[in-house]
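**Student:** Just so you know, this note's numbering puts 88 at position 72 of the sequence shown, and the rest follows in order with no gaps.
We treat Cβ as the ideally placed atom computed from N, Cα and C, and that holds for glycine.
Encoded as structure tokens, here's the structure I'll be asking about.
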Amino acid sequence: MRIFHSLGRNLSFTRAAEELFLSQSAVSIQVKRLGESVGMPLVEQVGKRIFLTEAGKELFEACRDVLDRLRVLDEDMTGLEAGIRGPLNLAVITTAKYFMPHLLGVFLREHPAVEPRLTVTNQTRIFERLEGNMDDLVIMGTLPENLDLEAAYFLDNPLVVVAPPDHPLVGVKRIPLERLVQERFLSREPGSGTRAARTRLFAEHGLDIRTYMELGSSEAIKQAVMAGLGISVLSLHNLRLELKTGLIAVLDVEHFPLHRQWYAVHLKGKKLSATTRMFLDFLLKDGARLCQEIQPYLARLAPPPPKPVQRKRDIR
């Protein structure tokens, strides 16, 4: 079962063998025997590529479900013996790295026997990890439409316009969007959720904002803003240090802040371990309270919209 599950995830006999510390021939023999016991082929080879047949896809889903249940059972049994403990595998979108370590640290102080693993990656990779069921929970703001998910809202993600502190618009009240067309915008790469939200807002008002410079991370954008290369739209959660030290200023722009949300996400039907359920409950109950440092900056801008209902949602 583990051999076929690894093959189904990797679609490569070589990578499956390496992952399981087996020879490639051993993997091939076991998969062939499994197909014979099922009574139909499970894989097909087209050129040098391996694909699962329809029967193989069904068996892969069954293997994933059984292995997931066994993992949860093992972790729950361990937890019953010694309280909340064991692995907690989290994947977070790059922009969530500014607050998730803080939240995780609070949780771990309450549950020191938990063994965390935090993977920080971009949106494309986070979608792949989510679809592959590689983590206990995924923290993200943009939900893929092609997956059957459960997504629990736990924190607001306000996006604001930022500029160097000596910018002429600093201190100006309710700057119209049209005024920003004259500015040089610094942006993440296409596909970034923040960039998409900014582009969508300006397009809704008939405005076209061109990117002056494209940078690969929020950190690079902040450095470029501080250097006076332009302005940008960033999550307020990413700006705690810079705002405290006065290195970056938030502009008071019409229709900002843009209010997005952070979600804790997993595939629908996934069996969560006791440790994962405890961490999810912690996020839902305490996540927003523990991220109150940004509130004074929000209070100076337009009032926020009503908060989403704090519950699990099915996303299809």
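With burial defined as no fewer than 16 other Cβ atoms inside 10 Å of the residue's Cβ, what is the status of E258: buried or exposed?
**Tutor:** The sequence position of residue 258 within the sequence shown is 242, counting from 1. Its Cβ being crowded by 16 or more others within 10 Å, E258 is buried.
**Student:** What residue range does the beta strand (DSSP E) around T137 cover?
**Tutor:** The residue you call residue 137 lines up with position 121 of the sequence shown. Per DSSP, T137 belongs to the beta strand (DSSP E) from V130 to T137.
**Student:** Can the beta-carbon of I191 be found closer than 8 angstroms to that of D268?
**Tutor:** Start at 1 with the first residue of the sequence shown, and residue 191 comes out as number 175. Start at 1 with the first residue of the sequence shown, and residue 268 comes out as number 252. In this structure, D268 lies closer than 8 angstroms to I191 by Cβ.
**Student:** Using only CA atoms, which one of L283, I19, V136 and T135 lies nearest to A167?
**Tutor:** Within the sequence shown, numbered from 1, the residue matching residue 167 stands at position 151. Of the candidates L283, I19, V136 and T135, the one whose C-alpha sits nearest the C-alpha of A167 is L283.
**Student:** Within 10 angstroms of the Cβ of A240, are there 16 or more other Cβ atoms? Answer buried if so, exposed if not.
**Tutor:** For this step, residue 240 is matched to residue 224 along the sequence shown. Classification for A240: buried.
**Student:** Beta-carbon separation of V188 and I225 under 8 angstroms?
**Tutor:** For the purposes of this step, residue 188 is identified with residue 172 of the sequence shown, where counting begins at 1. For the purposes of this step, residue 225 is identified with residue 209 of the sequence shown, where counting begins at 1. In this structure, I225 does not lie closer than 8 angstroms to V188 by Cβ.
**Student:** What's the gap between the Cα of D172 and the Cα of A179?
**Tutor:** Taking the sequence shown and counting its residues from 1, the one referred to as residue 172 is at position 156. Taking the sequence shown and counting its residues from 1, the one referred to as residue 179 is at position 163. The alpha-carbon atoms of D172 and A179 are separated by roughly 22 angstroms.
**Student:** Quick one: what does DSSP say D276 is sitting in, helix, strand or coil?
**Tutor:** Here the question's residue 276 lines up with position 260 in the sequence shown. It is worth fixing the name first, because residue 276 is Arg in this sequence and not Asp. R276: strand per DSSP, three-state reduction.
**Student:** Does the distance from the CB of V47 to the CB of V59 come in under 8 angstroms?
**Tutor:** As a position in the sequence shown, residue 47 is number 31, starting the count at 1. As a position in the sequence shown, residue 59 is number 43, starting the count at 1. Yes.
**Student:** For a quick check, are the C-beta atoms of L153 and V281 less than 8 angstroms apart?
**Tutor:** For the purposes of this step, residue 153 is taken as the residue at position 137 of the sequence shown. For the purposes of this step, residue 281 is taken as the residue at position 265 of the sequence shown. For L153 and V281, yes; Cβs fall inside 8 angstroms.
**Student:** Please report the distance separating the alpha-carbon of L83 from that of P103.
**Tutor:** Within the sequence shown, numbered from 1, the residue matching residue 83 stands at position 67. Within the sequence shown, numbered from 1, the residue matching residue 103 stands at position 87. Whole-angstrom Cα-Cα distance: 16 angstroms.
**Student:** Which one or two residues does DSSP pair with Q61 in a beta bridge?
**Tutor:** The residue labelled residue 61 in the question sits at position 45 within the sequence shown. Paired residue(s): I66.
**Student:** Residue range of the beta strand (DSSP E) that T227 falls in?
**Tutor:** Residue numbering aside, residue 227 sits at position 211 when the sequence shown is read from its first letter. From DSSP, the beta strand (DSSP E) with T227 extends over T227 to E230.
**Student:** Checking the sheet assignment: what are the DSSP bridge partners for D172?
**Tutor:** By one-based count along the sequence shown, residue 172 stands at place 156. D172 is bridged to Q277.
**Student:** Which ranges does the alpha helix (DSSP H) cover as unbroken runs of at least 4 residues, wholly within the stretch 239–311, from first to last along the chain?
**Tutor:** Counting only runs of 4 or more, we get 256–261 and 290–302.
**Student:** Excluding the 5 residues preceding and the 5 following Y228 in the sequence, name in chain order all residues of the same chain whose CB lies nearer than 6 angstroms to its CB.
**Tutor:** To locate residue 228, count along the sequence shown from 1; it is residue 212. The answer, listed in chain order, is R200, F201 and G246.
**Student:** Measuring straight from C-alpha to C-alpha, what distance separates P181 and F295?
**Tutor:** Along the sequence shown, read from residue 1 onward, the residue named residue 181 stands at position 165. Along the sequence shown, read from residue 1 onward, the residue named residue 295 stands at position 279. Taking the straight line joining both Cα atoms gives about 38 angstroms.
**Student:** What span of residues does the alpha helix (DSSP H) with M116 cover, start to end?
**Tutor:** Along the sequence shown, one-based indexing puts residue 116 at 100. Note, M116: alpha helix (DSSP H), M116 to E126.
**Student:** Taking all protein chains shown into account, decide if G207 is buried (16 or more other Cβ within 10 angstroms of its Cβ) or exposed.
**Tutor:** Against the sequence shown, residue 207 aligns to sequence position 191. Looking at its Cβ environment, which holds fewer than 16 other Cβ atoms inside 10 Å, G207 is exposed.
**Student:** Can you name, in chain order, every residue of its own chain whose Cβ lies under 6 angstroms from the Cβ of A129, other than the five neighbours on each side?
**Tutor:** Along the sequence shown, read from residue 1 onward, the residue named residue 129 stands at position 113. If we look at A129 and ignore the five residues flanking it on each side, its Cβ neighbours are R101.
**Student:** Taking the CB atoms as reference points, tell me whether G24 and F76 lie closer together than 8 angstroms.
**Tutor:** Numbered from 1 along the sequence shown, position 8 holds the residue referred to as residue 24. Numbered from 1 along the sequence shown, position 60 holds the residue referred to as residue 76. Yes, the pair counts as a contact, with Cβ atoms nearer than the cut-off.
**Student:** Taking the straight line between their C-alpha atoms, what separation do you get for L89 and K287?
**Tutor:** Along the sequence shown, one-based indexing puts residue 89 at 73. Along the sequence shown, one-based indexing puts residue 287 at 271. Cα to Cα, L89 sits roughly 9 angstroms from K287.
**Student:** Using only alpha-carbon positions, find the residue among E144, M116 and L223 that is nearest to L163.
**Tutor:** Position 147 of the sequence shown, counted from the first residue, corresponds to residue 163. Of the candidates E144, M116 and L223, the one whose C-alpha sits nearest the C-alpha of L163 is E144.
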